[in-house]
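Report on one structure; see the data block that follows.
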Amino acid sequence: MTKEKIIEVHNLTKRFGGFTAVNNISFDVFEGEIFGFLGANGAGKTTAMKMLIGISNPTSGEALVAGFDVKTKTEMVKRSIGYMSQKFSMYDDLTIKENITFFGGIYGLSRIQIKEKTKKLVIELGLEDVIDKLVGSLPLGWKQKLSFSVALLHEPKIVFLDEPTGGVDPITRRQFWEMIYAEANKGTTIFVTTHYMDEAEYCDRVSIMVEGVIEALDTPNNLKTKYNVASMNDVFLKLARNVE
Amino acid sequence: MSIIVQNISKSYNKIKAIDAISFEVKEGELFGLIGPDGAGKTTIFRTLTTLLLANEGSATVAGFDVVKDYVAIRNSVGYMPGKFSLYQDLTVEENLKFFATIFGTTIEENYDLIKDIYIQIEPFKTRRAGALSGGMKQKLALCCALIHAPKVLFLDEPTTGVDPVSRKEFWEMLKRLQKKGITILVSTPYMDEAVLCDRIALIQKGSILKIDSPENIIKKYDKVIYNIKAKNRHQLILDLKKYPSQYSVFAFGEFIHYIDNSSTFNSIDLQHYLEKQNNTEIEIKIGNTTIEDVFMDL
Numbered sequence: 001m002t003k004e005k006i007i008e009v010h011n012l013t014k015r016f017g018g019f020t021a022v023n024n025i026s027f028d029v030f031e032g033e034i035f036g037f038l039g040a041n042g043a044g045k046t047t048a049m050k051m052l053i054g055i056s057n058p059t060s061g062e063a064l065v066a067g068f069d070v071k072t073k074t075e076m077v078k079r080s081i082g083y084m085s086q087k088f089s090m091y092d093d094l095t096i097k098e099n100i101t102f103f104g105g106i107y108g109l110s111r112i113q114i115k116e117k118t119k120k121l122v123i124e125l126g127l128e129d130v131i132d133k134l135v136g137s138l139p140l141g142w143k144q145k146l147s148f149s150v151a152l153l154h155e156p157k158i159v160f161l162d163e164p165t166g167g168v169d170p171i172t173r174r175q176f177w178e179m180i181y182a183e184a185n186k187g188t189t190i191f192v193t194t195h196y197m198d199e200a201e202y203c204d205r206v207s208i209m210v211e212g213v214i215e216a217l218d219t220p221n222n223l224k225t226k227y228n229v230a231s232m233n234d235v236f237l238k239l240a241r242n243v244e
Numbered sequence: 001m002s003i004i005v006q007n008i009s010k011s012y013n014k015i016k017a018i019d020a021i022s023f024e025v026k027e028g029e030l031f032g033l034i035g036p037d038g039a040g041k042t043t044i045f046r047t048l049t050t051l052l053l054a055n056e057g058s059a060t061v062a063g064f065d066v067v068k069d070y071v072a073i074r075n076s077v078g079y080m081p082g083k084f085s086l087y088q089d090l091t092v093e094e095n096l097k098f099f100a101t102i103f104g105t106t107i108e109e110n111y112d113l114i115k116d117i118y119i120q121i122e123p124f125k126t127r128r129a130g131a132l133s134g135g136m137k138q139k140l141a142l143c144c145a146l147i148h149a150p151k152v153l154f155l156d157e158p159t160t161g162v163d164p165v166s167r168k169e170f171w172e173m174l175k176r177l178q179k180k181g182i183t184i185l186v187s188t189p190y191m192d193e194a195v196l197c198d199r200i201a202l203i204q205k206g207s208i209l210k211i212d213s214p215e216n217i218i219k220k221y222d223k224v225i226y227n228i229k230a231k232n233r234h235q236l237i238l239d240l241k242k243y244p245s246q247y248s249v250f251a252f253g254e255f256i257h258y259i260d261n262s263s264t265f266n267s268i269d270l271q272h273y274l275e276k277q278n279n280t281e282i283e284i285k286i287g288n289t290t291i292e293d294v295f296m297d298l
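Chains as they are written, first to last, in the UniProt record's numbering: chain L, 1 to 244; chain S, 1 to 298.
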């Protein structure tokens, strides 16, 4: 493989008091890859992801994201990545246009860039007629597609997606993944978490976290072969014990 | 009949949340409302649990009218809302005791019903509910909804955002409750959970599109679905969408589900077309229909 490493994680650990949420994990993600980051609730996914996006300081170990150390270069990490989650995506009380302008400003784009980006994005998503509507009035599926595009405004090298398709209808879910493919084809690295195991099959490689450690990491096909099962759902059920 | 819903409609301002919904749930049945966010599932739950008045239509639960007999309904149903609604500052045990008390019962009286589930959270009974993990909160909420031994149990998206392992366990718990004679109305956005229900209503944008057993819904679907695979999935989707007689193209786990609308469709022609578009490692075979396929074609 000649691909460049875009995320490098070495022995990353996070403790909260006596509890080890992330226990000595190591892995690499390559440029342009769709990387699925799976695990049961409470396995440590969110904690690991927070360290990678520079908003939580590791207890020990290190991670480079787009070449920047997540401990010391948090500002540079944040500039190099896009982030969207199901819980927080955009401001419901602002219009589509206002949201794009706001996030464009946060990401440091100039007024002219924001104007151009807004125009392009709105046409691509077919939102021309509703550009001045409040984001809160949009159906969830549209919101998620818009929020994905907004996370890409500053053309980040990596985009982190935290359960982007939860509760979204089946057709929109697939349209969302087509957007992900298109973006990955342009060379953007996608780091995604999901509870839909059919979506795990869409990833180039998948890691499964159990009790703070990475229990498995490979292509979906190799994982299915290794555990001798027919689907990623079965791989998951075999690996992820329920830990409370 | 345990639940009878006749032409219920509800609007919020100008937006019609549910539009002339009708269905019936038999006693002891596990009935699923299957549909995405915004389909109107929660409005149906709130109407049937007497928390919301419908604009039109009528409904009975356990023989009681949802408008006139609301007090009787509240005593005979258990409701687990989609959003965690227990007291975060009370402990696990305090929450359970609280719900038992307001229903005029005790934990001991109906312990049999919740035992299976409560055992799993009992080690944490002195922990505040707000400090529980997602899976444990869900189990506590179910215990609180069951503590007065309801005839009908309403579960609004109990598994949303829950990982596959916990989801599987949750459905096993539901099956056990059903065996004890409780009627269960459950909603979910996960289509794979639909097959675990006795009957389901597929719902979208405030209307019911279909009601039947999952087996019948699949059996009655008359289109042939092809499972297609190639090395570059994105390329494959784009090329299939350009195939002249394509009816639908959807990613489905490992495969792409492809439906053709031509009566003279031949998979060898399609194979040649895909090869010409530089797809490699192509595999085409007839696949199985799932509830999700049917749903997307409604």
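For glycine and all other residues, C-beta sits at the position ideal for the given N, C-alpha and C.
All of these numbers come straight from a predicted model, not from anything done at the bench.
**Item:** Where residue 340(S) sits in the DSSP three-state scheme
**Value:** Lying before the first or after the last residue shown, residue 340(S) is absent from chain S, which here runs from 1 to 298.
**Message:** Spatial neighbours of Q88(S) within its chain, please: C-beta separation below 6 Å, excluding the five flanking residues on both sides.
**Reply:** For the purposes of this step, residue 88(S) is taken as the residue at position 88 of the second sequence. The answer, listed in chain order, is A129, G130.
**Asked** At a CB-CB cut-off below 9 Å, which residues of chain L make contact with R127(S)?
**Response** As a first step, residue 127(S) is located in the second sequence; it is residue number 127 there, counting from the start. Ordered by position in chain L, no residue passes the 9 Å Cβ test against R127(S), which lies about 11 Å from the chain.
**Item:** Element boundaries [beta strand (DSSP E), containing F19(L)]
**Value:** By one-based count along the first sequence, residue 19(L) stands at place 19. First-last of the beta strand (DSSP E) with F19(L): 19-30.
**Request:** Would you verify that the beta carbon of K223(S) is, or is not, closer than 8 Å to some beta carbon of chain L?
**Result:** One-based indexing of the second sequence puts residue 223(S) at position 223. Cβ-Cβ to chain L under 8 Å: no for K223(S).
**Prompt:** Does the beta-carbon of S2(S) have 16 or more other beta-carbons within 10 angstroms, so that it is buried, or is it exposed?
**Reply:** Residue mapping note: residue 2(S) aligns to position 2 of the second sequence, counting from 1. By the 10 Å Cβ count, S2(S) comes out buried.
**Whether A200(L) touches M179(L) by CB criterion (8 Å)** = Along the first sequence, read from residue 1 onward, the residue named residue 200(L) stands at position 200. Along the first sequence, read from residue 1 onward, the residue named residue 179(L) stands at position 179. Contact flag unset, no.
**Message:** Along the chain, where does the beta strand (DSSP E) containing K68(S) start, and where does it finish?
**Reply:** The residue labelled residue 68(S) in the question sits at position 68 within the second sequence. First-last for K68(S): undefined, no H or E at that position.
**Message:** To test your reading of the DSSP string, which unbroken beta strand (DSSP E) runs of 3 or more residues are found completely within the segment 10-45 of chain S?
**Reply:** 15-25, 30-34
**Item:** Beta-bridge partners of F160(L), as assigned by DSSP
**Value:** The residue labelled residue 160(L) in the question sits at position 160 within the first sequence. Bridge partners of F160(L): Y83(L), F191(L).
**Asked** Near M1(L), what residues of its chain come up, given a Cβ to Cβ distance below 8 Å and the 5 sequence neighbours on each side ignored?
**Response** Reading the first sequence from its first residue, position 1 is the one you call residue 1(L). Residue confidence is low: M1(L) scores 49 on pLDDT, short of 50, so the model does not pin down where it sits. Its coordinate-derived value is still stated next. Excluding residues within five positions, the ones whose Cβ falls inside 8 Å are F30.
**Prompt:** Should N242(L) be flagged as near chain S, meaning a C-beta pair shorter than 8 Å?
**Reply:** Numbered from its first residue, the first sequence carries residue 242(L) at position 242. With a pLDDT of 49 at N242(L), under the threshold of 50, the predicted position of this residue should be treated as unreliable, though the coordinate-derived value follows. N242(L) counts as touching chain S.
**Asked** Going by the beta-carbon positions, is the gap between F160(L) and M49(L) smaller than 8 Å?
**Response** For the purposes of this step, residue 160(L) is identified with residue 160 of the first sequence, where counting begins at 1. For the purposes of this step, residue 49(L) is identified with residue 49 of the first sequence, where counting begins at 1. Taking 8 Å as the Cβ cut-off, F160(L) and M49(L) qualify as a contacting pair.
**Request:** Would you grab the beta carbon distance between L94(L) and I208(L) for me? Rounded to a whole angstrom, and I think it's under 8 Å.
**Result:** Reading the first sequence from its first residue, position 94 is the one you call residue 94(L). Reading the first sequence from its first residue, position 208 is the one you call residue 208(L). Their Cβ separation, rounded to whole angstroms, is 37 Å, which puts L94(L) and I208(L) out of contact at 8 Å.
**Asked** For Y196(L), does the three-state DSSP call read helix, strand or coil?
**Response** As a working mapping, residue 196(L) is identified with position 196 in the first sequence. Reduced to three states, the DSSP call for Y196(L) is coil.
**Request:** For chain L, find out if any of its Cβ atoms is closer than 8 Å to the Cβ of T42(S); answer yes or no.
**Result:** As a position in the second sequence, residue 42(S) is number 42, starting the count at 1. It does not; no Cβ of chain L falls within 8 Å.
**Any chain L beta carbon closer than 8 Å to T91(S)** = Here residue 91(S) refers to the residue found at position 91 of the second sequence. Chain L contact via Cβ: absent.
**Prompt:** Using the rule of at least 16 other Cβ atoms within 10 Å of the residue's Cβ for burial, across every protein chain shown, is L247(S) buried or exposed?
**Reply:** Position 247 of the second sequence, counted from the first residue, corresponds to residue 247(S). The question names Leu, but residue 247(S) is Tyr in the sequence shown. Result: exposed.
**Asked** Within 8 Å (strictly less), CB to CB, does F252(S) reach chain L?
**Response** As a working note, residue 252(S) is residue 252 in the second sequence. Yes, because at least one Cβ of chain L sits closer than 8 Å to the Cβ of F252(S).
**Prompt:** Using 8 Å as the threshold, is the segment 185-198 of chain S in touch with the segment 247-264 of chain S, meaning 3 or more CB pairs across them?
**Reply:** no
**Request:** Tell me, please, whether the CB atom of G259(S) is closer than 8 Å to any CB atom in chain L?
**Result:** Your numbering for residue 259(S) matches position 259 in the second sequence. The sequence given here has Ile at residue 259(S), not Gly. It does not: the Cβ of I259(S) has no partner Cβ on chain L nearer than 8 Å.
**Request:** Would you mind working out which of L146(S), G161(S), K14(S) sits nearest G181(S), comparing C-alpha positions?
**Result:** Residue numbering aside, residue 181(S) sits at position 181 when the second sequence is read from its first letter. Nearest of L146(S), G161(S), K14(S) to G181(S), Cα basis: L146(S).
**Prompt:** Is the CB of W142(L) under 8 Å away from at least one CB in chain S?
**Reply:** Working through the first sequence from its first residue, we reach residue 142(L) at position 142. Cβ-Cβ to chain S under 8 Å: no for W142(L).
**Asked** Which chain L residues are close to V162(S), counting only those with a beta carbon under 8 Å from its beta carbon?
**Response** As a working mapping, residue 162(S) is identified with position 162 in the second sequence. Simply N41, H195.
**Item:** Cutoff 8 Å: S133(S) Cβ touching any chain L Cβ
**Value:** Locating residue 133(S) in the second sequence gives position 133, where the first residue counts as 1. Yes - at least one Cβ of chain L is within 8 Å of the one on S133(S).
**Asked** Is there a Cβ from chain S that is less than 8 Å from the Cβ of T225(L)?
**Response** For the purposes of this step, residue 225(L) is taken as the residue at position 225 of the first sequence. Cβ-Cβ to chain S under 8 Å: no for T225(L).
**Request:** Could you tell me the boundaries of the alpha helix (DSSP H) in which R127(S) lies?
**Result:** The count along the second sequence starts at 1 and reaches residue 127(S) at position 127. First-last for R127(S): undefined, no H or E at that position.
**Prompt:** Thinking C-alpha only, which one of V77(L), H10(L), D129(L), K5(L) is nearest S60(L)?
**Reply:** By 1-based counting over the first sequence, the position of residue 60(L) is 60. Selected option, being the one with the closest Cα: H10(L).
**Item:** Segment contact flag, the segment 52-63 of chain S with the segment 78-88 of chain S, C-beta cutoff 8 Å, min 3 pairs
**Value:** no
**Request:** With a threshold of 16 other CB atoms inside 10 Å of the CB of V235(L), please say whether the residue is buried or exposed.
**Result:** Numbered from 1 along the first sequence, position 235 holds the residue referred to as residue 235(L). Classification for V235(L): buried.
**Prompt:** Excluding the five sequence neighbours on either side, which residues of its own chain have a C-beta within less than 6 Å of the C-beta of E4(L), listed in chain order?
**Reply:** Locating residue 4(L) in the first sequence gives position 4, counting from the first residue. So the list reads E31, once near-sequence residues are dropped.
**Prompt:** Exposed or buried, what is Y107(L) when buried is set at 16 or more other beta-carbons lying within 10 Å of its beta-carbon?
**Reply:** Taking the first residue of the first sequence as 1, we reach residue 107(L) at position 107. Looking at its Cβ environment, which holds 16 or more other Cβ atoms inside 10 Å, Y107(L) is buried.
**Asked** In chain S, what lies closer than 7 Å to N233(L) by C-beta?
**Response** By 1-based counting over the first sequence, the position of residue 233(L) is 233. Within 7 Å Cβ-Cβ: P164.
**Prompt:** Got a sec: which bits of the segment 70-87 of chain S sit with their beta carbon under 8 Å from any beta carbon on chain L, in order along the chain?
**Reply:** none
**Message:** Short of 8 Å in beta carbon distance, which residues of its chain neighbour V243(L), apart from the five on each side in sequence? Order them along the chain.
**Reply:** Position 243 of the first sequence holds residue 243(L). Per-residue confidence for V243(L) stands at a pLDDT of 47, beneath the threshold of 50, marking its modelled position as unreliable; no derived number is given.
**Asked** Are at least three pairs of beta-carbons, each pair with one atom in the segment 152-170 of chain S and one in the segment 4-12 of chain S, less than 8 Å apart?
**Response** no
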